[in-house]
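Residues in the sequence shown are numbered from 294 upward in steps of one, following the numbering used here.
Heads up, the beta-carbon is just placed ideally off N, CA and C, and yes, glycines get one too.
None of the values given here were measured: they were computed from a predicted structure.
Shown next, in structure tokens, is the structure this report addresses.
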Amino acid sequence: MEVEVKLRLDADNFQRALQLLEHAGDCRGTDLQDNFFFDGLDDELAKSQTVFRIRRIRGIRHNNPNQPLPYTVTLKANAILTDGVSCVEELEHSIDASLAEALIENPNLLMSSHSSHPILNHVYQRASATGFKRIGHFKNTRTRVWWDGLLLEMDETHFDFATAYEIEIEHLDTLAAKSKIAAFLTQHGIAFCNSCIEAVRASFLNPKQRNTKGGPDDKGKGDIQFRNINPITILAHLQLSLPLVSTGRSGPLPLEYTSRLHIQTPTSHTRRTYAATKAREPYAPHSIHLAPLNNINEMTKKLG
294 MEVEVKLRLD ADNFQRALQL LEHAGDCRGT DLQDNFFFDG LDDELAKSQT
344 VFRIRRIRGI RHNNPNQPLP YTVTLKANAI LTDGVSCVEE LEHSIDASLA
394 EALIENPNLL MSSHSSHPIL NHVYQRASAT GFKRIGHFKN TRTRVWWDGL
444 LLEMDETHFD FATAYEIEIE HLDTLAAKSK IAAFLTQHGI AFCNSCIEAV
494 RASFLNPKQR NTKGGPDDKG KGDIQFRNIN PITILAHLQL SLPLVSTGRS
544 GPLPLEYTSR LHIQTPTSHT RRTYAATKAR EPYAPHSIHL APLNNINEMT
594 KKLG
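See the structure below:
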């Protein structure tokens, strides 16, 4: 079981926090991580709330160019994230570089190579699939900082549509760790909130699960529609992955604001502001629309 504190920041506050923490603590290095996600041909793992990932790690600082690239294979299941504390069942182990690259190139090789690695075998048994596919990929820049008895992982997660910024802390006493870092951030005027999604972010990587409309060529409609995903899951993804418009608040956003959360999302030529609508019930059926705001101050006043 992996238990972590997860706090979300916007870009400016993240950079300020990183500079302050590196100055106050000891930077242990920065890695560039390539994360590749896989599932069975019929989405067998997703149906059981399981995420299968292969990660390629490249050191940025203090990097030895002659050192082989480390790879890890990870299986996560039944993720729960409450009040900025993530609990998830996790199996993780290193994997041979040549096998990892072969699986990234051809996921179906897992059908014949699963017996060579314990976690691959676990994935094979759990999925009971007739084949495997790659469902998504994103990059992550992770800076590790040792500060006040805590190892902080400062993450910049680069999706194709936005960048998410998080501070992660794996610690036995998560409440004490969260209180300590929250006090530091508050003392320095750095705004943050609880992250609200973890393992299910992988579902956002599958283009079949989202249908987007809007942009400079569709007469200003500016609607985005996500189909076949629980609306609360969508909002959680958006809160994690896209920067909040400033509301003058610091700290976590109360849950009751979730269905009225306003965000900024990039298009090819512009950035538009949206408000989440039609999500007032926890399990509204099958779709959610994000409608453009005519006045950015309108939603800010509603939240204030």
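How many whole angstroms separate the CB atoms of residue i and residue j, which I take to be in contact at a CB cut-off of 8 Å?
i: residue 448; j: residue 433; result: 6 Å
i: residue 333; j: residue 422; result: 3 Å
i: residue 460; j: residue 317; result: Wrong, their Cβ atoms sit about 14 Å apart, outside the cutoff.
i: residue 348; j: residue 327; result: 7 Å
i: residue 331; j: residue 400; result: 5 Å
i: residue 451; j: residue 425; result: About 25 Å separates the two Cβ atoms, so there is no contact after all.
i: residue 362; j: residue 390; result: 6 Å
i: residue 324; j: residue 435; result: 5 Å
i: residue 365; j: residue 388; result: 7 Å
i: residue 392; j: residue 488; result: So it is not a contact: roughly 32 Å between Cβ atoms.
i: residue 337; j: residue 420; result: 4 Å
i: residue 417; j: residue 301; result: Going by Cβ atoms, the distance from residue 417 to residue 301 rounds to 34 Å, so no, they are not a contact pair.
i: residue 485; j: residue 306; result: 7 Å
i: residue 444; j: residue 415; result: 27 Å between Cβ atoms; not a contact.
Over the uninterrupted alpha helix (DSSP H) stretch that includes residue i, give me the two end residues.
i: residue 347; result: Unbroken run through residue 347 is the beta strand (DSSP E), 343–352; no alpha helix (DSSP H).
i: residue 451; result: Where residue 451 is concerned, there is no enclosing alpha helix (DSSP H), although the beta strand (DSSP E) it sits in stretches over 443–451.
i: residue 397; result: 390–398
i: residue 422; result: Neither: residue 422 is in no alpha helix (DSSP H) and is coded neither H nor E.
i: residue 404; result: 403–406
i: residue 338; result: 337–340
Per DSSP, what are the beta-bridge partners of residue i in this structure?
i: residue 414; result: BP columns for residue 414 are empty, so no partner.
i: residue 464; result: Note: residue 464 sits in no beta bridge, so no partner.
i: residue 321; result: Answer is none; residue 321 lacks a bridge partner.
i: residue 301; result: 459 and 486
i: residue 295; result: 381
i: residue 327; result: 349 and 432
i: residue 437; result: 322 and 446
Less than 8 Å between the CB of residue i and some heavy atom of the ligand GTP, yes or no?
i: residue 351; result: No copy of the ligand GTP occurs in the structure displayed, which carries no ligand at all.
Would you kindly report the start and end of the unbroken beta strand (DSSP E) that includes residue i?
i: residue 384; result: 378–387
i: residue 372; result: 364–375
With three or more C-beta pairs closer than 8 Å as the rule, is the region 336–351 touching the region 451–468? no
Any contact between the region 368–385 and the region 398–416? By contact I mean 3 or more CB pairs, one from each, below 8 Å. yes
The region 436–445 in contact with the region 470–481 per 3-pair CB rule at 8 Å: yes
The region 297–312 / the region 363–378 touching (three or more Cβ pairs under 8 Å): With three or more CB-CB distances shorter than 8 Å, the region 297–312 counts as touching the region 363–378.
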